[in-house]
Amino acid sequence: MKPLRNQTHFYQNIYIPLIIIYLLFTVSLGFIGFEFLNVQYTQKIKLLGNITGAVLSENPALENILVDAIQDTEGRYMADGFAALNQYGYREYLSMYEDVPYRNSLNSFFFLMFLFFFFSFVIITVFFILFDKKRKLQEQKLLTLLDHCLSDDYSFLEQRKDMGIIFNEAFTDTLLKLGNKLMLKSQLLAEEHDNTKSLVTDISHQLKTPVSALKNCLSLSMEADSPEERDALLERCTLQLTKLESLMEALINISRLETSMITLHKEETSLSDILLDAVNAVYVKALQKNISVEVLNDSEGQDEALLDSLTLSLDRKWTVEALANILDNAIKYSPAKSTITVRLHKLFSYVHIEIEDAGIGIPKKEYNKVFQRFYRGSHPMVQQSEGSGVGLYLSRRIIEGEGGSIMVKPAFRQGSVFVVQLPLN
Amino acid sequence: MNEHTNIILRTDNLCKYYGTGDNLVKAVDCIDLAIKQGEFVSIVGKSGSGKSTLLHMLGALDNPTSGSVWLDGENISSFKENRLSQIRRRKIGFIFQSYNLIPSLNVWENIVLPLGLDNKELDEPFIRDIVKTLGLENKVKNLPNTLSGGQQQRCAIARAIAAKPSIILADEPTGNLDTKTGDEVMALLKTSAKKYGQTLVVITHNEEIAQMADRTVMIADGKVVG
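Those sequence lines, one after another, are chains A and B.
Using the working numbering, the letters of the first sequence map in sequence onto residues 1167 to 1591.
Using the working numbering, the letters of the second sequence map in sequence onto residues 1290 to 1515.
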């Protein structure tokens, strides 16, 4: 189905004018035919008047018989009349064409008929030639455009005006949309490529510092003056190694996610299992700081029971990792003996999980940045503590990859609330 | 492939002034914006900062005092009203704070209404998919007044996406919703815009919601401040 506007375009510019021209031709043809008949009729009447006048001027007594003959429809006197007229070349069935005045009128009538045909022919032919030309032009343009698309040249997207002349608007819109979509896809590919490159750069940069620290530490320990000093330095080396190890682990996770080497395998998983695993993963750290983690079911009514037995279609291992990262941060930046509250709420399309801590909080300006790769907060406590700035980034990648969302809000008193929404089935 | 080819919406020196002399109010004061295709941009500002006026001009609902708005490479600020209404129908999906659903039409009819106005063929599988994504399958026969606020807004999102517009403009989409429902609607809006490859511009005063966006534009006193 064509959009309405195109149809009106067709009707207004082509169909209606053609109909009007045709109507004009037909009307004028009818008018000319009428005129032709009218002229003949007048001539006949005049002839009749002339004959009647001629006969009556010679013999007025014949008036009765003349009237009788005029009103007679059966042609009683016709045979006698033609018998007399035959001598002058008039026959009963004389062809119209042999009568000179008739012939002239007929000729002009036929000429007009021919003109009418000729003009119709010319108009229709011209119309079809133009139409065909436009169609060919459209085909040609479309082919060039598709060729451009194939060779990744999207400069036609900026030549909307040129396209508007050849194609109608709806067609232009759709073509441009198609072009835009293709361009976006190829740009996305290019971006992914760039992303991989910058990932490699980022990783090598991240590894440089701990490796050179380790190297320094080792060379110092080799030149140590006393066994005690050497032991102390070696201990520092071990510390650096542990750091390096955890960094490596995080980087491996990231690069796997980034390069799509691991895909999220969605399976039916119980929400409470995921939460339990996530809390268990940070249990030791929480215990060390004497921080308690509370999980509250915030739903009301029947949702409350539903939430306990709720199964979601998620990748269990990675979702646990994502939530554990958030909890790990919460523990890291919260004071000892505080409480971390996890509140669950079942919504229509998502499970709404709030993870609230009483920690240092995040300034509003950094809300967007904390989820960026290798970003570390500006707070002195963040700067001093260990970490590589990958945890929340990884969490976001995983949760968004599963069709969920993650964001941070300020807590009511102090600290932050991370809101994770996981999609329901 | 140059940078500016995938700019879908651009403003040049866009201004909107009200009043004259001492009463002159510069609601929008020389704003230059460029929004890329597929991007999710949030425009954040306090009430009275000019963000709604800006959105109305981006959506061809209002004429600028000076400057221009370019959508899909066309300067829409120079168009006549009936071409503008075509552009609004075909290229822009609107989502408002107050949902703006038609009360006498059911959910399905509300969603397909703009398509009917444009005499477009109904891509039914596509619309069914949107309806499913937004969790409205069981509500298609309902009238808007039987739905919760969150459901009504989801219906408005479906309506905005159904016409496959070039850009979706949302004005305080969560303004009438409680926090949790607001979070949910934003997540759905973001997910569905990504899923259907649409550009999304959300106006809000809520900075927490803004962080879901790829990019945030801060507006104060009619100017871009960051």
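We put the CB at the ideal spot given by N, CA and C, even for glycine.
- Considering only GLN1406/A, SER1321/A, ILE1420/A and GLU1324/A, the residue with the shortest C-alpha distance to LEU1365/A is ILE1420/A.
- Pairing GLY1581/A with GLY1527/A gives a Cβ-Cβ distance under 8 Å.
- Judged by their CB atoms, SER1387/B and ASN1495/B are not nearer to each other than the 8 Å cut-off.
- Secondary structure note for ALA1482/B: its alpha helix (DSSP H) is the uninterrupted segment 1468–1484.
- Not one beta carbon of chain B lies nearer than 8 Å to the beta carbon of ASN1456/A.
- Around the C-beta of MET1475/B, 16 or more other C-beta atoms lie within 10 Å, and the residue is accordingly described as buried.
- Within the same chain, and ignoring the five residues on either side of THR1338/A in sequence, the residues whose Cβ sits closer than 8 Å to its Cβ are ARG1326, MET1329 and GLY1330.
- Where TYR1306/B is concerned, the enclosing beta strand (DSSP E) starts and stops at 1296–1307.
- Not a single C-beta of chain A is nearer than 8 Å to the C-beta of ALA1482/B.
- Checking the DSSP bridge columns, you'll see ASP1460/B partnered with ILE1492/B.
- Interface annotation, SER1412/A: not in contact with chain B, CB-CB separation never under 8 Å.
- For VAL1448/A, the closest Cβ of chain B is not nearer than 8 Å.
- The straight-line gap separating the alpha-carbon atoms of VAL1517/A and TYR1181/A is approximately 59 Å.
- The residues LEU1411, ILE1416 and ALA1451, in chain order, have a CB closer than 7 Å to that of VAL1401/B in the same chain once the five nearest residues on each side in sequence are set aside.
- Non-local beta-carbon contacts of PRO1454/B in its own chain, meaning distances under 8 Å to residues more than five positions away in sequence, involve ARG1379, LYS1380, ILE1381, GLY1382 and GLN1487 in chain order.
- For ALA1452/B, the secondary structure class from DSSP, reduced to helix, strand or coil, is coil.
- Between ILE1446/B and LEU1489/B, the C-beta gap is not smaller than 8 Å, which leaves the two residues out of contact.
- Take the alpha-carbon of GLN1454/A and the one of ASP1474/A: they are about 29 Å apart.
- The C-beta distance from PHE1514/A to GLU1473/B rounds to 7 Å, short enough to fall under 8 Å.
- One finds SER1515 in chain A with Cβ atoms closer than 7 Å to the Cβ of LEU1477/B, taken in chain order.
- CA-to-CA, the gap between ASP1361/B and LEU1298/B works out to about 6 Å.
- Here TYR1256/A is exposed: its Cβ has fewer than 16 other Cβ atoms, across all protein chains shown, within 10 Å.
- ASP1464/A has its alpha-carbon roughly 32 Å from the corresponding atom of LEU1423/A.
- By the CB criterion at 8 Å, VAL1508/A and ILE1440/A fall outside the cutoff.
- Comparing alpha-carbon positions, the option among SER1554/A, THR1404/A and VAL1448/A lying closest to ILE1369/A turns out to be SER1554/A.
- Here TYR1254/A is not near MET1262/A, since their CB atoms are 8 Å or more apart.
- THR1435/A sits in a strand when the DSSP states are folded into three classes.
- Taking all protein chains in view, the Cβ of TYR1559/A is crowded by 16 or more other Cβ atoms within 10 Å, so the residue is classified as buried.
- Residue range 1458–1463 is occupied by the beta strand (DSSP E) that includes SER1458/A, with no alpha helix (DSSP H) assigned at that position.
- The alpha carbon of SER1438/A has as its nearest neighbour, out of LEU1348/A, LYS1498/A and GLU1460/A, the alpha carbon of GLU1460/A.
- The segment 1442–1457 of chain A makes contact with the segment 1491–1509 of chain A, as at least three CB pairs between them are under 8 Å.
- Residues of chain B whose Cβ lies closer than 7 Å to the Cβ of MET1573/A are, in chain order, GLU1497, GLN1500 and MET1501.
- With the criterion set as a beta carbon lying under 8 Å from some beta carbon of chain A, the members of the segment 1457–1475 of chain B are LYS1469, THR1470, ASP1472, GLU1473 and MET1475, in sequence order.
- Just measuring C-alpha positions, the residue of PRO1529/A, THR1435/A and PHE1202/A sitting nearest SER1274/A is PHE1202/A.
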